[in-house]
Amino acid sequence: MFELIGIPPQALFGQLLLGLINGAFYAVLSLGLALIFGLLNIINFTHGAQYMMGAFVAWLMLRYAGIGYWPSLIVAPVVVAVVGIVIERLLLRRLYHLDHLYGLLLTFGLALIIEGTFRQIYGISGQPYAIPKELSGGYDLGFMFLPTYRAWVVLASLAACLGTWLLIEKTRLGAYLRAGTENATLVRAFGVNVPVMVTLTYGFGVALAAFAGVLAAPIYSVNPLMGSNLIIVVFAVVVIGGMGSILGSVITGYALGLIEGLTKVFYPEASSTVIFIIMAIVLLIKPAGLFGRAT
Amino acid sequence: MRLYWIALAVAAVAAVFAPTVLYPVFLMKALCFALFACAFNLLLGYVGLLSFGHAAFFGFAAYATGHAAKVWGWNPEFAVLAGTAVATGLGLAFGALAIRRQGIYFAMITLALAQMVYFFSLQAPFTHGEDGIQAIPRGELFGLFDLRNTETMYFFVLAVFAGGLWLIWRTVHSPFGQVLKAIRENEQRAVSLGYKVDHYKLTAFVMSAALSGLAGSVKALVFQLASLTDVHWHTSGEVVLMTLLGGMGTVLGPVVGAFLVVTVQNYFATFGAWVTIIQGVIFVVVVLLFRRGIVGELNALWLRLRRRSVPAATTPPAAARPGVEPAAHEPPPRKRRVGEGS
Amino acid sequence: MRLASGVLGAVFLLSAGPAAAQGISNDVVKLGVLNDQSGVYADLAGQGSVVAAQMAVEDFGGTVLGKTIQVVSADHQNKPDVGSSVANQWIDTEQVDAIVDVPTSSVALAIQEITRRKNVAHLNSTAATTDLTGKACSPTAVHYTYDTYALANGTGRALVQQGGDTWFFITADYAFGHNLEQNTAEAVKKAGGKVVGAVRAPFPNNDFSSFLLQAQASQAKVIGLANAGGDTINSIKQAREFGITQAGQRLAGLLVFLSDIHSLGLETTQGLTLTTGFYWDKDDETREWSKRWAERMNGRMPTMVQAGVYSVVMHYLNAIKAAGTDDAKTVVAKMKEMPINDFFAKNARIRQDGRMVHDMYLVQVKGPQESKGAWDYYNILRTIPGDEAFMPMEAGNCPLVQEAATKNGQPAGGAR
Numbered sequence: 001m002f003e004l005i006g007i008p009p010q011a012l013f014g015q016l017l018l019g020l021i022n023g024a025f026y027a028v029l030s031l032g033l034a035l036i037f038g039l040l041n042i043i044n045f046t047h048g049a050q051y052m053m054g055a056f057v058a059w060l061m062l063r064y065a066g067i068g069y070w071p072s073l074i075v076a077p078v079v080v081a082v083v084g085i086v087i088e089r090l091l092l093r094r095l096y097h098l099d100h101l102y103g104l105l106l107t108f109g110l111a112l113i114i115e116g117t118f119r120q121i122y123g124i125s126g127q128p129y130a131i132p133k134e135l136s137g138g139y140d141l142g143f144m145f146l147p148t149y150r151a152w153v154v155l156a157s158l159a160a161c162l163g164t165w166l167l168i169e170k171t172r173l174g175a176y177l178r179a180g181t182e183n184a185t186l187v188r189a190f191g192v193n194v195p196v197m198v199t200l201t202y203g204f205g206v207a208l209a210a211f212a213g214v215l216a217a218p219i220y221s222v223n224p225l226m227g228s229n230l231i232i233v234v235f236a237v238v239v240i241g242g243m244g245s246i247l248g249s250v251i252t253g254y255a256l257g258l259i260e261g262l263t264k265v266f267y268p269e270a271s272s273t274v275i276f277i278i279m280a281i282v283l284l285i286k287p288a289g290l291f292g293r294a295t
Numbered sequence: 001m002r003l004y005w006i007a008l009a010v011a012a013v014a015a016v017f018a019p020t021v022l023y024p025v026f027l028m029k030a031l032c033f034a035l036f037a038c039a040f041n042l043l044l045g046y047v048g049l050l051s052f053g054h055a056a057f058f059g060f061a062a063y064a065t066g067h068a069a070k071v072w073g074w075n076p077e078f079a080v081l082a083g084t085a086v087a088t089g090l091g092l093a094f095g096a097l098a099i100r101r102q103g104i105y106f107a108m109i110t111l112a113l114a115q116m117v118y119f120f121s122l123q124a125p126f127t128h129g130e131d132g133i134q135a136i137p138r139g140e141l142f143g144l145f146d147l148r149n150t151e152t153m154y155f156f157v158l159a160v161f162a163g164g165l166w167l168i169w170r171t172v173h174s175p176f177g178q179v180l181k182a183i184r185e186n187e188q189r190a191v192s193l194g195y196k197v198d199h200y201k202l203t204a205f206v207m208s209a210a211l212s213g214l215a216g217s218v219k220a221l222v223f224q225l226a227s228l229t230d231v232h233w234h235t236s237g238e239v240v241l242m243t244l245l246g247g248m249g250t251v252l253g254p255v256v257g258a259f260l261v262v263t264v265q266n267y268f269a270t271f272g273a274w275v276t277i278i279q280g281v282i283f284v285v286v287v288l289l290f291r292r293g294i295v296g297e298l299n300a301l302w303l304r305l306r307r308r309s310v311p312a313a314t315t316p317p318a319a320a321r322p323g324v325e326p327a328a329h330e331p332p333p334r335k336r337r338v339g340e341g342s
Numbered sequence: 001m002r003l004a005s006g007v008l009g010a011v012f013l014l015s016a017g018p019a020a021a022q023g024i025s026n027d028v029v030k031l032g033v034l035n036d037q038s039g040v041y042a043d044l045a046g047q048g049s050v051v052a053a054q055m056a057v058e059d060f061g062g063t064v065l066g067k068t069i070q071v072v073s074a075d076h077q078n079k080p081d082v083g084s085s086v087a088n089q090w091i092d093t094e095q096v097d098a099i100v101d102v103p104t105s106s107v108a109l110a111i112q113e114i115t116r117r118k119n120v121a122h123l124n125s126t127a128a129t130t131d132l133t134g135k136a137c138s139p140t141a142v143h144y145t146y147d148t149y150a151l152a153n154g155t156g157r158a159l160v161q162q163g164g165d166t167w168f169f170i171t172a173d174y175a176f177g178h179n180l181e182q183n184t185a186e187a188v189k190k191a192g193g194k195v196v197g198a199v200r201a202p203f204p205n206n207d208f209s210s211f212l213l214q215a216q217a218s219q220a221k222v223i224g225l226a227n228a229g230g231d232t233i234n235s236i237k238q239a240r241e242f243g244i245t246q247a248g249q250r251l252a253g254l255l256v257f258l259s260d261i262h263s264l265g266l267e268t269t270q271g272l273t274l275t276t277g278f279y280w281d282k283d284d285e286t287r288e289w290s291k292r293w294a295e296r297m298n299g300r301m302p303t304m305v306q307a308g309v310y311s312v313v314m315h316y317l318n319a320i321k322a323a324g325t326d327d328a329k330t331v332v333a334k335m336k337e338m339p340i341n342d343f344f345a346k347n348a349r350i351r352q353d354g355r356m357v358h359d360m361y362l363v364q365v366k367g368p369q370e371s372k373g374a375w376d377y378y379n380i381l382r383t384i385p386g387d388e389a390f391m392p393m394e395a396g397n398c399p400l401v402q403e404a405a406t407k408n409g410q411p412a413g414g415a416r
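Laid out in structure tokens, this is it:
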């Protein structure tokens, strides 16, 4: 049989597909980060905790109210977004006139509080969340067995990314948003309520994180620290992509998922570090990131 | 500043007699973290660069020291030097990459690089992964002082701490330190004045890394172990917390912050996740309410009182006097207003 | 004359020896349960171990040699420096006589050094590393419930005997994982099986699908999971999702606890084969004790290490009573002399290197239909006799054993 560096091509397809699935999570998370960063200039360190909250809200709803996966997919992001909006209104808002690093520090503190609280209440060993009936099972693709749910994850994340992109590029609201990113004062002078827009953007970015959390719940165990390591990888993704464009963050997310997938086949020992290595290389060649504008 | 000398004398006496009152191992831990926080502050407080990856220097130096002392059987002084040297090298590599970006990017890059060091430490055989390097011998300092004795060890740690602090104090108040502050206040202007900003930044970064490494090396000898905890990004977060709480941009602030945080950790160690929650709450409170930190606020208060008692005209501007940190330090003023805020 | 001086010498030695060793120091016997109460091991040890230690103290009567017994506890957060701070402080300022439980190898090894130096008993139930009774062994320490070798060896050998003779490992890429893989691979080969491949997965890791696919492609009959905690949980979950277990490959969990099965659910874990040192539903005695424990733990059932904590504390207290002192070296030596016979272990003993040797059980996780109720999770497939389950003492390279071996032929030192 024809083999590519010792790996049969079928297996390679399988691994690429899996990489795409992981990339889906990176894409949705880095998209949320990029949105928030674009308008608020804050790196939302709470993003990982909010991703975890999304998964937990879904689990809590199932456990205590019997609300299943499909409603959770909408409700959980909304709930987490509301919490996010409260955080923005009460806390983040007070820091906009200061150096952005304070925003980073504040959200870092919040992440510690949220993760600590969930740990204190629910322990750490993880809560089970079953794959919804409609999506259980899978397809035998010949070269691999593709669980239906994983296929759904890719589709759902693509839809979320595309939807967000359309919202920003093709609607009036999106136009305001883009303008606000460029020059908030000017947009305000045109009578746009910028503070509300900032709040809503933060809420939306957070909702994306929570959405990813719900998507992740059935695959990974729902545990309080599920977001805390992921967020650092997503940071690296964001640095590689450069925070310049929404599209850039999405593309980088998927691409790095693929690269990571390949590393898992050829040199699995490095698969947790490959993204950081790429980050270092990109920084050497293009300090502003692949899609970033030089400042 | 006579007051400063009196305070210094009091502190010295307190430091010498502290181990008779307080638990020495606790004191040594606090001193190590205090030095670590001061080293970190050199970068955050005086150059305005927030590194989220300092655990890499602290923790990896601990591994290097542990390995040198245990496997190669080096004397403690050489083992500590080895740890510090490794951290310096690491700092040079990280710094060269990270100073290409500023602000948030800088923080994220250092974080990501430190995460690489973490994974390396997890996998490399000499670190013994999860087990860490255990039972590191303390040995005899210069072949004379037996560090197995807790008290001798304490004074060794105290000496290293005092030396490190002195070095930082000297650096900050040297012409070099003035340039660093100029970069913090306005990088463009510093460039236009002809300073090679990147060189200054890199030098400060490497110094900070080296001193962090020194702190980590000593800690490895104190606890006789080097473990993954010290390279984990939580440690990076903790050192930020210590500096912020005590007061960044003040020489003594990080020391105060470190002692407080270590006390909290010690006291709440038995309450599980509460340590994390409390640390988070402190972060939020400090960022929202007193960004100057404890020492910074005290300094500001002191200045305000003095200004009231002494006619303003006779007081030289705060920043011009050596030994007193200008109170207006606190938010590094490169603010770029983005969204709309209060 | 010679005889007289000999006697005199012996008397002198006796009196100069551990004078403080007589009776109970500080008029109290204090047990410090040091474990993870908020992290990954909180469910499998955590508060449950504290409760088990308290039960043992109560069942013993609350006093020994007329002195009260106290239990204190702390969370070491799986950080060796936090653990050693707490232990040092306990010993130096609170006169703790024994440190109990101590999950996480890194912390356990740190505690081993401290307790050795300060002559305090270390009654370890939850740490996995064989080093505790190997090159780091200590005359004041006992390693009670299990170790990586016992789990790896039990599962590896038994599965080969059942026909699972080709293996593929998914190994957490750090010392612990490598160790586990190596131990298991040796057992597999010794039993006539073959290792067809292994993949080193970074640790910690969320996504095992890629590695599972490689395992599937290898067509090994058994996939060995040389990982722990969240990694094991995720790999089991995803193996189910990718239809790997359904397609006939078997999963072997090399470090899986009852609490993990509980949190994963039977639907996901059914068919998983693993080795355990204790199962609550084994016989009347285990059920009786476990139900008493469950009453205090909201109906949870104990893991092997929690049961082990009760048993080791009970044994320790009995040894104090028999030795008439709480001096750690003396008591631990006594513990090694006395056989253990309780609900946890039958005719078990503690070897010279500190390893407690008892029967282990090879179990398979039941399917959801098969399970008759809450916590009815295991079918016991086989009892593995202690001598077969644990690493032979010679292989561990424990210095204590080697010392004893060189001294062999001479009479044991009188004063001791």
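Protein chains in written order, with the numbering used here: chain A, 1 to 295; chain B, 1 to 342; chain C, 1 to 416.
Glycine residues also receive a C-beta, built at the ideal position from the N, C-alpha and C atoms.
Small disclaimer: the values here were computed from a predicted structure and weren't measured.
Contact fails between the segment 284-294 of chain A and the segment 129-146 of chain B, because fewer than three Cβ pairs, one in each stretch, are under 8 Å apart. By the neighbour-count definition (other C-beta atoms within 10 Å, threshold 16), A:Y267 is an exposed residue. Listed along the chain, the chain C residues whose CB falls inside 7 Å of the CB of B:G132 are P80 and S106. Against A:Y220, the close residues of chain C are N206 and N234, in the order they occur along the chain (beta-carbon pairs closer than 7 Å). If you ignore the 5 residues before and after C:T145, its C-beta comes within less than 6 Å of the C-beta of S125, G277, M304, V305 and G308, all in its own chain and listed in chain order. In the three-state DSSP reduction, B:T84 falls in the helix class (H, G or I). In the DSSP assignment, C:D284 falls within the alpha helix (DSSP H) that extends over D284 to R296. Of all residues in the segment 202-230 of chain C, those with a C-beta nearer than 8 Å to a C-beta of chain B are P202 and F203, reading in chain order. For C:E113, the nearest beta carbon of chain B is closer than 7 Å to its own beta carbon. Pairing B:L225 with A:G174, the inter-Cα distance amounts to about 54 Å.
Looking at the DSSP output, C:M360 sits in a beta bridge with C:I384. Excluding its 5 nearest sequence neighbours in each direction, A:S30 has C-beta neighbours in its own chain below 8 Å: V234, V237, V238, G241, S249, V250, T252 and G253, listed in chain order. Neighbours of A:F108 in chain B, taken as residues at a C-beta separation under 7 Å, are given in chain order as G237 and F283. Residue pairing of C:N379 in beta bridges, as defined by DSSP: C:Q364. Chain B places no beta carbon closer than 7 Å to that of A:I36, leaving this residue out of the contacts. Residue range K67 to D75 is occupied by the beta strand (DSSP E) that includes C:T68. Shown here, C:Y279 sits in coil according to DSSP, grouped into three states, outside any helix or strand. Among the residues facing chain B, A:P268 is not included, as its CB has no counterpart in that chain under 7 Å away. Chain-ordered, the chain C residues with CB closer than 7 Å to the CB of B:G129 read Y174, A175 and F176. Residues of the segment 256-272 of chain C that bring their beta carbon within less than 8 Å of a beta carbon in chain A comprise S259, D260, S263, L264, G265, E267 and T268, in sequence order.
For C:G271, the closest C-alpha among the options C:S73, C:D207, C:V365 and C:R287 is that of C:V365. Runs of the beta strand (DSSP E) spanning 3 or more residues and lying entirely within the segment 126-150 of chain C occur at 141-143, in chain order. Between A:L104 and A:F45, the gap from beta carbon to beta carbon is short of 7 Å. Neighbours of C:T184 in chain B, taken as residues at a C-beta separation under 7 Å, are lacking, since the least C-beta distance is about 17 Å. Below 8 Å, enough C-beta pairs join the segment 313-327 of chain C and the segment 51-69 of chain C to call them touching: three or more. For C:F168, the beta-bridge partners assigned by DSSP are C:G197 and C:I223. Boundaries cannot be given for A:P132, as no beta strand (DSSP E) includes it and DSSP labels it neither H nor E.
Within chain B, the C-beta atoms nearer than 7 Å to that of A:H100 come from G103 and I104, in chain order.
Secondary-structure assignment with DSSP links C:H122 through a beta bridge to C:I99 and C:A141. Below the 8 Å Cβ cutoff, chain B contributes no neighbours of C:T276, its closest Cβ being approximately 22 Å away. Three or more Cβ pairs drawn from the segment 238-254 of chain C and the segment 148-165 of chain C lie within less than 8 Å of each other, which places the two stretches in contact.
A contact between stretches requires three or more CB pairs, one per stretch, nearer than 8 Å, and the segment 48-61 of chain A meets this requirement with the segment 202-218 of chain A.
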